[in-house]
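The working numbering numbers the first residue of the sequence shown as 627 and each following residue consecutively.
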Amino acid sequence: MSEPVSVELAGIRIQLPSQSPVLLLRETGGSTHVPIWIGPVEAASIASALEGVEPQRPMTHDLLVELIAALDAGVTRVTITDVEQSVFFAELALETVLGKKTISCRPSDAVAIAARLDTPLFVAQSVLDSAGIQLQDESDESAIEEFKEFLDGVSPEDFTPGE
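What follows is the structure, given as structure tokens:
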């Protein structure tokens, strides 16, 4: 099994016309992007973390971050480990007083926690190979427009592995 690839959280986009939120991860120093369709609640949670919004009362992901800290633990990395039939899988790697622990979770939850803690993000090479798309120069307006058109024309089912 090869080492996972470092990625950056490129943001949340909305796929038109369905208004479906898409979590977008970008290969660090590269041009491969991984789009992951997520729920609107998780998208809002990630977006609020990226914008530095602090709610009056902790929301679910804020509460999880507080629990992790209260237990003297820390999240060391998030890895998108697999994709099966358009369903993505992730793991939170924790350092705890009991040693290292790995927790399986949804990518949207893992990224929402990582966004609050500035935790490194990774994607398994196999996921990058099967679900990744290429954008040559993200600063290029035509590339951004091309990517938006791509998102408008695809659905989660288009990312079935092995096709």
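Each residue gets a CB set at the ideal place from its N, CA and C atoms; glycine is no exception. It should be emphasised that the depicted structure is a prediction, and the values quoted were computed from it without experimental measurement.
- Spatial neighbours of Thr686 in its own chain (CB-CB distance under 8 Å, excluding positions within 5 residues in sequence) are listed in chain order as Ser671.
- Counting C-beta atoms within 10 angstroms of its own C-beta, Pro666 has fewer than 16 neighbours from the protein chains shown and is therefore classed as exposed.
- In this structure, Ala719 sits near Arg703, with a CB-CB distance shorter than 8 Å.
- Contact between the segment 707–716 and the segment 727–746 is present, with at least three C-beta pairs closer than 8 Å.
- By the neighbour-count criterion, in which a residue is buried when 16 or more other Cβ atoms sit within 10 angstroms of its Cβ, Ser628 is exposed.
- Out of Thr658, Glu634, Val631, Leu650, the CA that lies nearest to the CA of Leu761 is found in Thr658.
- Between Glu692 and Pro684, the C-beta spacing is below 8 Å.
- Nearest in C-alpha terms to Ile638, of all of Pro647, Thr654, Val631, is Pro647.
- Ala738 is positioned such that its CB atom lies no closer than 8 Å to that of Leu747.
- Comparing alpha carbon positions, the residue from Thr707, Ala736, Val723, Leu724 closest to Ser756 is Thr707.
- Assigned with DSSP and collapsed to three states, Val723 falls in coil, not helix or strand.
- Straight through space, the alpha carbons of Glu634 and Gly656 are spaced by roughly 10 Å.
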